[in-house]
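Student: Protein chains in written order, with my numbering: chain A, 71 to 338; chain B, 12 to 323. Here a beta-carbon is modelled for each residue, glycine too, at the ideal position from N, C-alpha and C. First, the structure itself, so that you have it in front of you.
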Amino acid sequence: MEKMLDVNEISVTFNPGSPDAKQALNKLSVHLDDGDFVTIIGSNGAGKSTLFNAVAGSFFVDEGSIFLGGQDITFLEEHKRSRIIGRMFQDPLKGTAPSMTIEENLALAYLRSAEGTSPFSHISGRDKQLFREKLAMLNMGLEDRMKHQVGLLSGGQRQALTLLMATMVTPKLLLLDEHTAALDPATADKVLELTREIVGKNHITCMMITHNMKQALEIGNRTFLMADGKIVLDVKGEERKGLTVDDLLEKFKAGTGKALDNDRMLLS
Amino acid sequence: MLYILKTALELGLLYSLVPMALFLSFRVLNIADLTTDGCFVFGAAVSVQMAAIGQPILGIPLAMAAGALAGFITAFIHTKMKVPSILAGIITNTGLYTINLMVMGWSSNVSLLKKNTIYSMFKSLQFLGDWSGVVLTLLIVALVAFLLISFLGTRLGLSIRATGDNIDMVRASSINPTFTITVGLCLANAMTALSGAMVGQYQKTVDINGGTGIVVIGLACLIIGETATGRRSVKKGAIAAIVGSIIYRIIYAVCLYTKVIPVEFLKLLTAAIVAVAIAFPALRKMAAFQKKKMEHTSGRAFAQKGGDGKDA
């Protein structure tokens, strides 16, 4: 069976040739099946976000190749990749345009599907109806505030909206970079629950960076542990089921010879 | 008095597309586009030269195309060559000086004597008399404003607005910022050039220095207009450009006739208005901080006297 995502031995070095040179990714490979939901944990500077940036196309890799759904995207520009890759960041302010309305933000997200529609077309009544239905799913009452500016929403509301936008047109791959980390616990739970629901329902292949070890084992069907630009541990299936946080810490130590060092890591 | 108002209205409308262009580049796209000065003269030169060879109507779209080209060059230098946008605008603006001289036949001033312009042609229809100039300009400006507002609601327009609002989000939603910035700057400069084209034919002359400082005046007009209409929506922004431009010209006319402020001081005053208005959010923050600091100090004094310090 063909894999959904194939990252083949990619390397990325920042500031090459200078004293600050840092190899952020070191011949890293990832192979995801269709519908895989991977959680990723790792020390500070392990290369988690760099991996996401490389896959999303924020920069091109120094070597190696990336295939998504059978398509070679190694040198595809970022904005073209984002047609098939949904992305969320930790900062709720990053995913939405504050001085535009909820409706306009959703329309922008919907542009991805709008292959063939004229760039000079306005938001149609049918689009609005669709946005309204999608917003209602969030259970935040946003469907009645479609003409409100996004800048007026709370961080949690904005992040929920961003989730909706990232999955508005079902992406081939969804990248979540600690997308609940900046929210208060109750809101974080809600956004996480929504994430599970949407990802499950649409069978989206997904990678999620988290600093919550328990969450990392509870959610999804695979867990990566990263260190020094490599994936040092990849647990799935039966092996993952009985795993505890302590087991994970031990495995990390066995794999790298170091203790897991992340100043924000939550162990429970 | 009526005459003064009419002149102010005429000039306000003629120049109103400059603040409207700046609304698009500065407010919507968040780029200070300094191509404006040279672009205004470029539009005026093309339109006047076309009128000189008997093609005043054709001169208008041609001037707009010329402006769009200038905008394209600035956008290209900025997005593709990665030059900061302000510098990109200055580079194009400087180059345009030579281009403008070339268009004007290597002379610093061109006048249209007894040549037809869109204004003389419209006037010769003979149903509006003295007000025909104002009406024609108003028609053009209203049409442009309507098209701009409508355009910013389209998919492409929304993408342009998002580019100025949150570029991170734009990249993540499959919009190419290079493309949206380029389209935005082309449109903005086409509007600036259209303003120049109208002014050129209206005054039947173009001067190589006719655009000096027009970007700052345009910003002042926009800011004045925004205080009058608010700046919450696209519609208000476009209307603010027109209203602000007219108010500015009324102030100008009043200064000119009453000599309350000598006209020579007007550019300095304009610059000051723009500086203060753009600095306003920072000034307000500073004032709030000072207030907080004072409250803190007096609150502590209050607490020492036995209060809880929270009410101070």
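Alpha carbon to alpha carbon, how far is Ile235/B from Arg215/A? Give it in angstroms, no decimals.
Tutor: Residue mapping note: residue 215/A aligns to position 145 of the first sequence, counting from 1. Residue mapping note: residue 235/B aligns to position 224 of the second sequence, counting from 1. The alpha-carbon atoms of Arg215/A and Ile235/B are separated by roughly 31 Å.
Student: Which residues mark the beginning and the end of the beta strand (DSSP E) in which Ile289/A is found?
Tutor: For the purposes of this step, residue 289/A is taken as residue 219 along the first sequence, with counting starting at 1. Unbroken run through Ile289/A: none, as it is neither H nor E.
Student: Determine the burial state of Ser228/A: buried for a count of at least 16 other Cβ atoms within 10 Å of its Cβ, exposed for fewer.
Tutor: Position 158 of the first sequence holds residue 228/A. Reading the sequence as shown, one finds Arg at residue 228/A and not Ser. Buried is the call here.
Student: Give me whichever residues DSSP pairs with Asn78/A in a beta bridge.
Tutor: If you number the first sequence from 1, residue 78/A lands on position 8. Asn78/A is bridged to Ser135/A.
Student: Return the chain-ordered list of same chain residues with a C-beta closer than 8 Å to the C-beta of Ser88/A, the five sequence neighbours on each side being excluded.
Tutor: Position 18 of the first sequence, counted from the start, is the residue given in the question as residue 88/A. Cβ neighbours of Ser88/A beyond the five flanking positions: none.
Student: Distance check for Val285/B and Gly224/B, CA to CA, integer angstroms please.
Tutor: Position 213 of the second sequence, counted from the start, is the residue given in the question as residue 224/B. Position 274 of the second sequence, counted from the start, is the residue given in the question as residue 285/B. Their backbone Cα atoms lie some 12 Å apart in a straight line.
Student: With DSSP run on the structure shown, which of helix, strand or coil describes Asp322/B?
Tutor: Locating residue 322/B in the second sequence gives position 311, where the first residue counts as 1. In this prediction, Asp322/B scores a pLDDT of 46, lower than 50, which makes its location untrustworthy; the coordinate-derived value is nonetheless stated afterwards. Note: Asp322/B maps to coil in three-state DSSP.
Student: Return no unless some Cβ of chain B is closer than 8 Å to the Cβ of Ser169/A.
Tutor: Residue mapping note: residue 169/A aligns to position 99 of the first sequence, counting from 1. Chain B contact via Cβ: present.
Student: Which residues of the stretch 171 to 189 of chain B have a Cβ closer than 7 Å to any Cβ of chain A? Give them in chain order.
Tutor: Those would be Arg172, Ala173, Asp176, Asn177, Asp179, Met180, Arg182, Ala183, Ser184, Ser185, Ile186 and Asn187, in chain order.
Student: If we cut at 8 Å on Cβ distances, does Gly164/B have a partner in chain A?
Tutor: If you number the second sequence from 1, residue 164/B lands on position 153. By this cut-off, Gly164/B is an interface position.
Student: Is there a Cβ from chain A that is less than 8 Å from the Cβ of Leu169/B?
Tutor: Along the second sequence, one-based indexing puts residue 169/B at 158. Yes, Leu169/B lies at the interface with chain A (some Cβ there is under 8 Å from its Cβ).
Student: DSSP state of Asn187/B, grouped into three classes?
Tutor: Residue mapping note: residue 187/B aligns to position 176 of the second sequence, counting from 1. Of the three classes helix, strand and coil, the one that applies to Asn187/B here is coil, per DSSP.
Student: Closer than 7 Å, Cβ to Cβ, to anything on chain B: give me those residues from the stretch 155 to 166 of chain A, in chain order.
Tutor: So the close ones are Arg157, Lys164, Gly165 and Thr166.
Student: Pull up the CB-CB distance for Phe130/A and Phe145/A, whole angstroms please, since I reckon it's below 8 Å.
Tutor: Within the first sequence, the letter at position 60 stands for residue 130/A. Within the first sequence, the letter at position 75 stands for residue 145/A. Going by Cβ atoms, the distance from Phe130/A to Phe145/A rounds to 6 Å, so yes, they are a contact pair.
Student: Under the rule that 16 or more other beta-carbon atoms within 10 Å means buried, what is Leu124/B, buried or exposed?
Tutor: The residue labelled residue 124/B in the question sits at position 113 within the second sequence. By the 10 Å Cβ count, Leu124/B comes out exposed.
Student: Leu245/A to Asp44/B, Cα distance in whole Å?
Tutor: Locating residue 245/A in the first sequence gives position 175, counting from the first residue. Locating residue 44/B in the second sequence gives position 33, counting from the first residue. If I take the Cα positions, the gap works out to 36 Å.
Student: If you reduce the DSSP assignment to three classes, tell me which class Lys93/B lands in.
Tutor: The count along the second sequence starts at 1 and reaches residue 93/B at position 82. If DSSP states are grouped into helix, strand and coil, Lys93/B belongs with coil.
Student: Could you spell out where the beta strand (DSSP E) holding Phe107/A opens and where it closes?
Tutor: For the purposes of this step, residue 107/A is identified with residue 37 of the first sequence, where counting begins at 1. Element bounds for Phe107/A: Phe107 to Gly112.
Student: Is the CB of Phe11/A under 8 Å away from at least one CB in chain B?
Tutor: Lying before the first or after the last residue shown, residue 11/A is absent from chain A, which here runs from 71 to 338.
Student: Which residue or residues does DSSP assign as beta-bridge partners of Gly156/A?
Tutor: Here the question's residue 156/A lines up with position 86 in the first sequence. DSSP lists Leu244/A as partners of Gly156/A.
Student: Which residues mark the beginning and the end of the beta strand (DSSP E) in which Lys118/A is found?
Tutor: To locate residue 118/A, count along the first sequence from 1; it is residue 48. Note, Lys118/A: premise wrong, no beta strand (DSSP E); alpha helix (DSSP H) at Lys118 to Ala126.
Student: What does His192/A touch in chain B if you count any residue whose Cβ is under 7 Å from its own?
Tutor: Here residue 192/A refers to the residue found at position 122 of the first sequence. Here the neighbours are Gly164 and Thr165.
Student: Are there three or more Cβ pairs, one per stretch, closer than 8 Å when the stretch 66 to 76 of chain B is compared with the stretch 119 to 137 of chain B?
Tutor: Yes: the two stretches touch, three or more of their Cβ pairs being nearer than 8 Å.
Student: Who are the Cβ neighbours of Thr326/A in its own chain at under 8 Å, not counting the five residues just before and after it?
Tutor: By one-based count along the first sequence, residue 326/A stands at place 256. Around Thr326/A: Ala297, Asp298 and Val302.
Student: Using a Cβ cut-off of 7 Å, pull out every chain B residue sitting near Pro19/A, in sequence order please.
Tutor: Not covered by the structure: residue 19/A. The range shown for chain A is 71 to 338.
Student: From Lys311/A, Ile279/A, Asp304/A and His273/A, pick the residue whose C-alpha is nearest to that of Glu288/A; which is it?
Tutor: Looking up residue 288/A in the first sequence gives position 218. Closest option to Glu288/A, Cα to Cα, is Lys311/A.
Student: Taking 8 Å as the CB-CB cut-off, is Leu319/A touching chain B?
Tutor: Along the first sequence, read from residue 1 onward, the residue named residue 319/A stands at position 249. Cβ-Cβ to chain B under 8 Å: no for Leu319/A.
Student: How about Arg215/A: is its Cβ closer than 7 Å to a heavy atom in the ligand COA?
Tutor: Absence of the ligand COA from the depicted structure is noted, as is the absence of any ligand whatsoever, leaving it without description.
Student: By the criterion of Cβ-Cβ separation under 8 Å, what are the contact partners of Arg153/A in chain B?
Tutor: Against the first sequence, residue 153/A aligns to sequence position 83. Those are Ser185, listed as they occur along chain B.
Student: So, for Ser128/A: in the same chain, excluding its five sequence neighbours on each side, which residues have a beta-carbon less than 7 Å away from its beta-carbon?
Tutor: Mapped onto the first sequence, residue 128/A falls at position 58. Same-chain partners within the cutoff: Glu148.
Student: Chain B partners of Met235/A, CB-CB under 9 Å?
Tutor: The residue labelled residue 235/A in the question sits at position 165 within the first sequence. Those within 9 Å of Met235/A in chain B are Met180, Ala183 and Ser184.
Student: Taking contact to mean 3 or more Cβ pairs, one atom from each stretch, closer than 8 Å, check whether the stretch 289 to 308 of chain B and the stretch 257 to 273 of chain B are in contact.
Tutor: These segments do not touch.
Student: Who are the near neighbours of Lys247/B in its chain, counting only those whose CB is closer than 6 Å to its CB and skipping five residues on each side?
Tutor: In the second sequence, counting from the first residue as 1, residue 247/B sits at position 236. Cβ neighbours of Lys247/B beyond the five flanking positions: Thr240 and Gly241.
Student: Pick out whichever of Ile289/B, Phe37/B, Lys17/B and Ala56/B has its Cα sitting closest to the Cα of Ser206/B.
Tutor: Working through the second sequence from its first residue, we reach residue 206/B at position 195. Comparing Cα positions, the closest option is Ala56/B.
Student: In three-state terms, what does DSSP make of Val302/A?
Tutor: On the first sequence, residue 302/A is found 232 positions in, with the first residue counted as 1. Strand, per DSSP.
Student: Please tell me whether Thr191/B and Lys91/B are closer than 8 Å, where the distance is taken between their beta carbons.
Tutor: Residue mapping note: residue 191/B aligns to position 180 of the second sequence, counting from 1. Residue mapping note: residue 91/B aligns to position 80 of the second sequence, counting from 1. In this structure, Lys91/B does not lie closer than 8 Å to Thr191/B by Cβ.
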